[in-house]
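Everything on this sheet refers to the single structure shown next.
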Amino acid sequence: MRIFAIDLGDQRTGLALADRITCIASPAGLIETPIEREQGRLLINEIVKQFQQQASGPETEIVLGIPLNMDNTEGPRAKLVRDFALKLANRLDRPVMLVDERKTSQLADARMSQSGLTHKQKKQRRDAIAAAAIAQLYLDEPDTSVIDTVEPLEHK
């Protein structure tokens, strides 16, 4: 079973793939489409395209990082992620698991700190590495990392 993970950003969105058999998550790409363009439709179109090219299959799970406050409450950014998750779930007609993404960007920064990459290269890779961290967290702690599951609305 595969996992398609997304780290949603304002300007860049990171993608990652993981496999339950190997228990390894890897960065899979970066989409540089701002979320606010056309109410997110352009970004959803690109995510769907990447999903279909890299991970489509009836058993592929979709996980999306959701930012929680340190006291486990949800702020305005989490609301935006929830709304985006519903649009994506409806478009792909499958559930989207929301995974606590706290500290995944810091983990990505730590992984790149000794890489020898330039600041620009690190910035370009950060979101995809954060998406891999979200996928790995979901692989390692599926029961505790999932905050909620957003189901697609029934088509009428």
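Residue numbering for the sequence shown follows numbering that gives the first Met the number 0, beginning at 0 and increasing consecutively. Glycine included, each C-beta is placed from N, C-alpha and C at the ideal position.
The alpha helix (DSSP H) runs of length 4 or more contained entirely in the region 53–92 are, from start to end of the chain, 75–91. Per the DSSP secondary-structure output, L29 pairs in a beta bridge with G13. Per the DSSP secondary-structure output, I2 pairs in a beta bridge with A17, E60. Secondary structure note for T143: its alpha helix (DSSP H) is the uninterrupted segment 141–144. Annotated as proximal: L138 and R19, with beta-carbon spacing under 8 Å. Non-local C-beta neighbours of D92 in its own chain, meaning closer than 6 Å and more than five positions away in sequence, comprise P151, ordered along the chain. Pairing N44 with I34, the inter-Cα distance amounts to about 11 Å. In this structure the region 126–144 lies against the region 2–17, because at least three pairs of beta carbons, one per stretch, are closer than 8 Å. Here I34 carries a coil assignment [DSSP, helix/strand/coil]. By the neighbour-count definition (other C-beta atoms within 10 Å, threshold 16), R40 is an exposed residue.
Only buried fits M96, as 16 or more other CB atoms lie within 10 angstroms of its CB.
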